[in-house]
Every structure is written in structure tokens, then in C-alpha cells.
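Okay, structure first, notes after.
Protein chains: 2
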Amino acid sequence: MAADTPRRILDAAADEFAERGLAGARVDRIAERAGANKQRIYAYFGSKDQLFDAVIEDRIEQLLDAVPFDAADLPGYAVRILDFNLAHPSLVRLLLWHNLERPAVLARLPQSVESHARKVAALRAARGDDEWAADRLLGQVLGLVHGVTLAPGPDLDQTRADLHRAVSLLVG
Amino acid sequence: MAADTPRRILDAAADEFAERGLAGARVDRIAERAGANKQRIYAYFGSKDQLFDAVIEDRIEQLLDAVPFDAADLPGYAVRILDFNLAHPSLVRLLLWHNLERPAVLARLPQSVESHARKVAALRAARGDDEWAADRLLGQVLGLVHGVTLAPGPDLDQTRADLHRAVSLLVG
DNA sequence: GGTGACCAACTAACCAGTTGGTTGCACATG
DNA sequence: CATGTGCAACCAACTGGTTAGTTGGTCACC
Chain A
1 MAADTPRRIL
11 DAAADEFAER
21 GLAGARVDRI
31 AERAGANKQR
41 IYAYFGSKDQ
51 LFDAVIEDRI
61 EQLLDAVPFD
71 AADLPGYAVR
81 ILDFNLAHPS
91 LVRLLLWHNL
101 ERPAVLARLP
111 QSVESHARKV
121 AALRAARGDD
131 EWAADRLLGQ
141 VLGLVHGVTL
151 APGPDLDQTR
161 ADLHRAVSLL
171 VG
Chain B
1001 MAADTPRRIL
1011 DAAADEFAER
1021 GLAGARVDRI
1031 AERAGANKQR
1041 IYAYFGSKDQ
1051 LFDAVIEDRI
1061 EQLLDAVPFD
1071 AADLPGYAVR
1081 ILDFNLAHPS
1091 LVRLLLWHNL
1101 ERPAVLARLP
1111 QSVESHARKV
1121 AALRAARGDD
1131 EWAADRLLGQ
1141 VLGLVHGVTL
1151 APGPDLDQTR
1161 ADLHRAVSLL
1171 VG
């Protein structure tokens, strides 16, 4: 029908993969969810694995730049990432699945590498750190955010405030 | 042969599940790895899902108490957990799989709940915090450790030192 | 003789990927 | 205007391999 079939397939696949992972997902179910035909999936994406990678690539930008980086306000940045993660749990799950089932595919995506490099550079400019220090600081902040994302406290405002304070301490 | 067949099955299953997850694991492969017979798996554990849960229960203690909690030295505790995680990556993967594929099974395990409560109590005793503050502090420290575990820096000693410093800042 | 173990084959369902045949639309060619 | 060619999509059935779980028969040891 519509000309947006690949789009619908990608969205349906993102949902299915987020829920069940690569091994647990079923191509027939993706087709059904997309309101599309199974062969369209193979025509556009080749295989189940390639479809999974295509989904990751499709969503990566959304993940990397949904929250604009702010080197001058790392605590606020951290809280905004936490909010984004909590508002988009399926994206977080998608990333976790990806880490477990397709190691080292994402790390090689140029978009991901460049985004990281840009953040480190911005941090250096804002704080005068050397490259390694900036990299490590960013790693700690993101690590903390990810850890909190996986196990947020019962009181969301409290969790947010705690994260803000923790990052403030880290950046000195 | 030996009378430790259930033990061998559990160990083999832990390896297989850590590598491939619940959906990706194959029962035949587990039997082969265990040097045991497939029906022994079903005789002892009932089904693939139940076997997965049994593996988690079997390993949970190892995970909870491998690193003795030290309320008076949280930074050292954090670093020791990091070292443990890095030395046992398959345990970390097992936990990640479990979180994705069997949500809320682990959280209800009494061993896990009790272990957490004991840590919070020890923290309160050592620091005079109220219960919520202790709980939140513990959550932050563990969150940071988990985050760092997922993406440790290239220089392990540096990562360790950074984590130690970060937790020191958090505990004030 | 009961128990724990092995082997091998089996079933019944499932699942990734394929094929053949059909419909409807867009756009050109005569 | 009519015809036809190609494309995107549909449906449905099929192939071939895989997989959880079962069964029946055998061996060895206590």
C-alpha cells in the first residue's frame, strides 16, 4: 500500500527486538506487527541479522543526539539522559540486547565514534583537561547514568537529585 | 558416571546461557558440554526455563557474597566488585541476560533481598544515615560500579583509581 | 531389583528463508 | 484512448533444517 513499508518494518522490528532480543524475535511476528509481508523484509533487509543491525543503525542517532551534550553542565546533562532513558525503555533494552548478541558492531559505527570524540573535545575545551582525563570523566558520568538507569530508586525526583549531586561531585 | 551430574549440568548450562542467553541457548549443546545426557537435564530440572532459573539461583550466592561488604570502606568495596566483575565476565553476562529475559525473578529471591537489607543496615550503623539515604547511597555506588564494568577504560589501574576516587567523593 | 546413567532414535512443532501466482498502480508507447 | 511494461505489494503454501522434549532399550553398580 503505502510507500513507507521499510519504515514500518524498522519500527515493528525495533519493538520486537527490544522485547525479545535477536534470538527470541520471530520474523513472522515482525511482519505481522508491521502490517507488511514477510518477503518485503527479506527484499529490503536481506536477513534477520541484517535487519537487527539496520534497526540499531536507524535508532543510534536518536540515542546519541536526543540529548544535546553540554560540557558546561554535566550534572544537568546526566539528569537529562536519565530522563530520556526512563522515557524510552525499549531503546535501552535494544542497546543491552545489542551488546550481548552483536558485540562490537555498534562500537565501529562511525556515527557513534564521532559523537564520542566530539563530546571529549567539547569537554577538553570547557575544562582544560587533557584528552585522557576528559575521556575518563565522560566514561564515569555515562557509567553512573547507565547504572542508575538499570536500577532507579522508587522516588524519581530523589533519584534525579541524587544523580545531579553525584555528577557535581565528580566534575569537581 | 560420577554422582555429580546435576553439578556438571549446572556448570555447563551457566556457560551456555552466559554466551547465548535463554533464547539462544541449545539444550543439546548444554548436554554435550556437561558430558551428560539430555534426559538427565529434564529429569533433574524439568525444562529449559527452569534450568535457567536454577542456574541463576545457583550462582546468585557467588555473586552476592564473593566480595564481602565493608561499610567502612565503600571505595575499596567498589573496586573489589569491579575486579570481581572483570574477572568473571560470564557472571555479569548471565545477570544481564536474566534481567532482559526473566525480569523480576531475581528481585524476588530471598537471598538477594536479605543480602541487600544487610548491606543497608551495615551502612546505617557505620554512618548514621537514615534508611533511605543509605539505600540511595548504596544504589549509586553499585550503579557506578556496574556502569564502569560495562565500559572499563583501556588502562585498568587508572579505571580502578578513578572508581576509588569517585566513590570517595560520593560517600563524602 | 532399584537406581542412575548412557545411547539413539523419534515426534511434533517451530522457524528462517523461498517460491509462484496475483493485484493494483504509475507511466510510457503506440 | 488503449495497451503494456514494470514495480511494489499481497497471500499462501512450501522447503529444509532445527529444537524442545520423549521414549525404549541397555548397562553397571549397590
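So the protein sequences, as listed, match chains A and B.
Once you know that position 17 of the first sequence is 17 in the numbering used here, the rest is easy, because the numbers rise by one and skip nothing.
With positions in the second sequence counted from 1, the corresponding number in the numbering used here is that position plus 1000.
Just so it is clear, CB atoms sit at the ideal spot from N, CA and C, and this is done for glycine as well.
Since this is a predicted model, take the numbers as computed values, not measurements.
Establish whether the CB of residue i and some CB of chain B are separated by less than 8 Å.
i, result
"L91 (chain A)", "no"
"Q111 (chain A)", "no"
"G143 (chain A)", "yes"
"V120 (chain A)", "no"
"Q158 (chain A)", "yes"
"L100 (chain A)", "yes"
"G24 (chain A)", "yes"
Measure from the C-beta of residue i to each C-beta in chain A and report whether the shortest distance is under 8 Å.
i, result
"D1162 (chain B)", "yes"
"G1076 (chain B)", "no"
"Q1140 (chain B)", "yes"
"R1136 (chain B)", "yes"
"R1029 (chain B)", "no"
"Y1170 (chain B)", "Note that residue 1170 (chain B) is Leu in the sequence shown, not Tyr. L1170 (chain B) counts as touching chain A."
"G1021 (chain B)", "yes"
"A1151 (chain B)", "yes"
"H1116 (chain B)", "no"
"A1166 (chain B)", "yes"
"L1082 (chain B)", "no"
"H1088 (chain B)", "no"
"L1106 (chain B)", "no"
"H1146 (chain B)", "yes"
"L1063 (chain B)", "no"
"L1095 (chain B)", "no"
Where does residue i sit, in a helix, a strand or coil, going by DSSP?
i, result
"P1068 (chain B)", "coil"
"M1 (chain A)", "For M1 (chain A), the predicted structure reports a pLDDT of 49, less than 50, and the residue's modelled location is therefore unreliable. A value from the coordinates is still provided. Coil at M1 (chain A), not helix or strand."
"V105 (chain A)", "coil"
"D135 (chain A)", "helix"
"P110 (chain A)", "helix"
"H116 (chain A)", "helix"
"P89 (chain A)", "helix"
"P6 (chain A)", "helix"
"G1172 (chain B)", "coil"
"D157 (chain A)", "helix"
"A192 (chain A)", "The question about residue 192 (chain A) has no answer here: the residues shown for chain A are numbered 1 through 172."
"D130 (chain A)", "coil"
"A1166 (chain B)", "helix"
"L142 (chain A)", "helix"
"A1151 (chain B)", "coil"
Residue i: which of the options sits nearest, CA to CA?
i, options, result
"A1126 (chain B)", "B:G1153, B:W1097, B:P1152, B:A1071", "B:A1071"
"L63 (chain A)", "A:D155, A:I9, A:S90, A:G24", "A:S90"
"L1095 (chain B)", "B:S1047, B:L1150, B:Y1044", "B:L1150"
"A31 (chain A)", "A:T5, A:Q50, A:D49, A:R20", "A:T5"
"E1101 (chain B)", "B:I1009, B:V1171, B:F1017, B:A1012", "B:F1017"
"A34 (chain A)", "A:G21, A:R26, A:A13, A:F45", "A:A13"
"A88 (chain A)", "A:D162, A:D15, A:L163, A:H164", "In the sequence as displayed, the identity of residue 88 (chain A) is His instead of Ala. Nearest option by C-alpha distance: A:D15."
"W132 (chain A)", "B:D1083, B:Y1077, B:A1133, B:D1155", "B:D1155"
"R1008 (chain B)", "B:R1165, B:D1058, B:N1085, B:T1159", "B:D1058"
"P1103 (chain B)", "B:S1115, B:A1036, B:D1049", "B:D1049"
"D1135 (chain B)", "A:R108, A:T159, A:R118", "A:T159"
Can you give the beta carbon distance from residue i to residue j, rounded, assuming they're within the 8 Å contact cut?
i, j, result
"L169 (chain A)", "L1169 (chain B)", "4 Å"
"D53 (chain A)", "K38 (chain A)", "Not really, about 19 Å apart at Cβ, beyond 8 Å."
"Q140 (chain A)", "E61 (chain A)", "That pair is no contact at about 24 Å."
"R1066 (chain B)", "G24 (chain A)", "A small correction: the amino acid at residue 1066 (chain B) is Ala; Arg does not occupy that position in the sequence shown. That belief does not hold up - the Cβ atoms of A1066 (chain B) and G24 (chain A) are roughly 30 Å apart, past 8 Å."
"I81 (chain A)", "V167 (chain A)", "10 Å between Cβ atoms; not a contact."
"V120 (chain A)", "L138 (chain A)", "6 Å"
"L1123 (chain B)", "D1130 (chain B)", "Between D1130 (chain B) and L1123 (chain B) the Cβ distance is about 11 Å, and since that is not below 8 Å, they are no contact."
"G153 (chain A)", "L1142 (chain B)", "No, G153 (chain A) and L1142 (chain B) are not in contact; Cβ-Cβ is about 12 Å, not under 8 Å."
"V79 (chain A)", "L10 (chain A)", "Going by Cβ atoms, the distance from V79 (chain A) to L10 (chain A) rounds to 30 Å, so no, they are not a contact pair."
"H116 (chain A)", "I56 (chain A)", "16 Å between Cβ atoms; not a contact."
"Y77 (chain A)", "F84 (chain A)", "With a Cβ gap of about 11 Å, Y77 (chain A) and F84 (chain A) do not count as contacting."
- Within the segment 14-82 of chain A, ranges of the alpha helix (DSSP H) (whole runs, at least 4 residues): 27-34, 38-45, 48-65
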